[in-house]
Each structure stands twice: as structure tokens, then as C-alpha cells.
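Going by my numbering, the letters in the sequence shown line up with residues 1 to 210, in that order.
Even glycine gets a Cβ: it sits at the ideal position worked out from N, Cα and C.
This report refers to the structure that appears directly beneath it.
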Amino acid sequence: MNKPLRIALTKGRLEKDTVGLLEKIGYDCTAIREKGRKLILPVPDGNLEVVLAKANDVITYVEHGVCDMGVVGKDTIQEMQGKFYELVDLGFGRCRFALATKKGQSFYGGYNVKTLATKYPNITRKHFESKGMDVDIIKIEGSVELAPLLELADGIVDIVETGTTLKENGLEIIEDNICPISARLIVNTVSMKMRQSEIENFVTLVEKNL
Ligand SMILES: Nc1ncnc2c1ncn2[C@@H]1O[C@H](COP(=O)(O)OP(=O)(O)OP(=O)(O)O)[C@@H](O)[C@H]1O
Ligand SMILES: O=P(O)(O)OC[C@H]1O[C@H](OP(=O)(O)OP(=O)(O)O)[C@H](O)[C@@H]1O
Numbered sequence: 001m002n003k004p005l006r007i008a009l010t011k012g013r014l015e016k017d018t019v020g021l022l023e024k025i026g027y028d029c030t031a032i033r034e035k036g037r038k039l040i041l042p043v044p045d046g047n048l049e050v051v052l053a054k055a056n057d058v059i060t061y062v063e064h065g066v067c068d069m070g071v072v073g074k075d076t077i078q079e080m081q082g083k084f085y086e087l088v089d090l091g092f093g094r095c096r097f098a099l100a101t102k103k104g105q106s107f108y109g110g111y112n113v114k115t116l117a118t119k120y121p122n123i124t125r126k127h128f129e130s131k132g133m134d135v136d137i138i139k140i141e142g143s144v145e146l147a148p149l150l151e152l153a154d155g156i157v158d159i160v161e162t163g164t165t166l167k168e169n170g171l172e173i174i175e176d177n178i179c180p181i182s183a184r185l186i187v188n189t190v191s192m193k194m195r196q197s198e199i200e201n202f203v204t205l206v207e208k209n210l
């Protein structure tokens, strides 16, 4: 048998649905479910090796070819860019980007350059460039909603799913659906050539089980 195909999965919010998909295909994911602190787990009946990584690192491992495939959100793909194939929209991890401010605050009024806090500076820069609007961007690593509350920024560009985090923190959306997000299956460009039939078989199984 060939060496296993290595697939990097985003830990956290996308993990449960990804493992659910592998189980729906029929693979035994006991090793992942009982992983403890282990980060590389075998799925022997699928001839797969699952690597659990942070979202940005999934892209890094796939781009460098140390993982053949990856499961990662469209948000991370757009922010990081990179050279790989994006083959399947997996349909879970659905959310979107929105611009939000403190309730009742006028964002577009006045002549001063507005400051935006975000985990996604590249996406934010591109979005405002496309509007021809000059903004200052401050990178925040998490709980971005804090930035306008602490008066570090006039607004945020962040992921919204249910809207609960914004609501509970007195923020409101002033521009919604900047971009729809869901999890994607990505593939290393060299792996796609060298292990084409195995990857195509896996993609077919994935698509049948969405
Ligand atoms: N509220 C949400 N609803 C649905 N999907 C989300 C939501 N927040 C994030 N996601 C998706 O899940 C991916 C992983 O998010 P997750 O919060 O688990 O990791 P993270 O953003 O790297 O944060 P952390 O630093 O807490 O690990 C995101 O890149 C995005 O595609
Ligand atoms: O609209 P909602 O359903 O409330 O979800 C949106 C929240 O989910 C994400 O944060 P996450 O929980 O990943 O934590 P983080 O802020 O530390 O990234 C996002 O950054 C929002 O804060």
C-alpha cells in the first residue's frame, strides 16, 4: 500500500464537522476521537494520516507539501493567499465577514481616517481599497469586539455567525456579507500531480457525503 495521504485539519470549530464527514464516508476515526494531546492520528482504513493544526498553519503545511491536503476556512485562505488548489466547498463552518461599530456610531461621517481592528488585515485592506476609502488597520488576535469598546478602533471587520457576540457587546453591523465563508478542501499542487488518482478518489468520496 502507498504511504498514507496526509491531511491537515483545522483544530477548533471546524474539527467536529470534519471528523463527522470522515465518519460519514465510513472511516474509523477512533484515533482522532480518543486523541488526547496527540497531533498526528492515523485513519488506517482510509489510508490517511490526520494532522491537527491551527488554521494558518494548515495552509503553511499544505503549501510546503508536508501535508497533501487540508481543511480550512475561506477566511484563512483569503487572508493568507498562497499556492494550492481549492477543490471542494465543504459547506460547514458557515459564517461571513461584516463591518461593525458601537451601536449608533456614525462610521462613514466626518473627514478623519477611521481605524479598524481585525484579525484579517489583508482582507480588510482590500475591502476598503475597493471602496476607495483610506483606513488605518490594527491587527488583533482574538475577541476583536473589544477594540471599539476600549476605544482602540472605530470599528471591526470580523466573522459573524449568529450575531450573538456583537449583540451582547453592544455592537451593530453596518455592512454585512462582505464575504461568505465556509470550510474548503485544499490540495498541494505537487501532490495533485504525484498522487492524482488517490486524491481524486478521496474528493469523490467527500463530495458524495456532503
Ligand atoms: N462563529 C463562527 N461560526 C462558524 N465558523 C466560524 C466561526 N468562527 C470561526 N469560524 C470558522 O472556523 C475557523 C476556525 O475558527 P476557530 O475559532 O476554531 O479558530 P481560530 O479563529 O484560529 O481561533 P483560536 O485562536 O481560538 O483557535 C475559522 O477560520 C472560520 O473559518
Ligand atoms: O456571530 P457569533 O455566532 O457570535 O460568532 C462570532 C464570533 O466567533 C468568532 O470568534 P471565536 O469564538 O472564534 O473567538 P475569537 O474571537 O477568539 O477568534 C468571531 O471572531 C466572533 O467573535
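Terminal residues of the continuous alpha helix (DSSP H) containing residue i?
i, result
"Leu21", "15-25"
"Leu166", "164-168"
"Lys74", "74-80"
"Arg125", "121-130"
If you follow the beta strand (DSSP E) that residue i is in, where does it begin and where does it stop?
i, result
"Leu52", "48-53"
"Ala183", "183-187"
"Arg94", "From DSSP, Arg94 is part of no beta strand (DSSP E); its letter is neither H nor E."
"Pro42", "40-43"
Looking at C-alpha atoms only, which residue of the options is the closest neighbour of residue i?
i, options, result
"Leu22", "Val71, Pro121, Gly65", "Val71"
"Val88", "Ile181, Lys193, Arg195", "Ile181"
"Cys67", "Phe202, Arg6, Asn209, Gly155", "Arg6"
"Tyr120", "Arg33, Ile159, Arg195", "Ile159"
"Gly155", "Glu141, Ala117, Thr164", "Ala117"
"Ala53", "Asn47, Gly46, Val62", "Val62"
Is residue i a contact residue of ligand 1, with contact defined as CB to any heavy atom under 8 Å?
i, result
"Arg125", "no"
"Thr204", "no"
"Leu87", "no"
"Lys11", "yes"
"Lys74", "yes"
"Ile159", "yes"
For residue i, verify whether its CB is less than 8 Å away from any heavy atom of ligand 2.
i, result
"Cys179", "no"
"Ser143", "yes"
"Arg94", "no"
"Thr101", "no"
"Asp176", "no"
Let me know the secondary structure DSSP gives residue i once reduced to three states.
i, result
"Tyr85", "strand"
"Asp57", "helix"
"Asp154", "coil"
"Lys139", "strand"
"Leu195", "Before going further, note that residue 195 is Arg rather than Leu in the sequence given. Reduced to three states, the DSSP call for Arg195 is coil."
"Thr160", "Correcting the residue identity first, residue 160 is Val in this sequence and not Thr. In this structure, Val160 counts as strand in the three-state DSSP scheme."
"Leu210", "coil"
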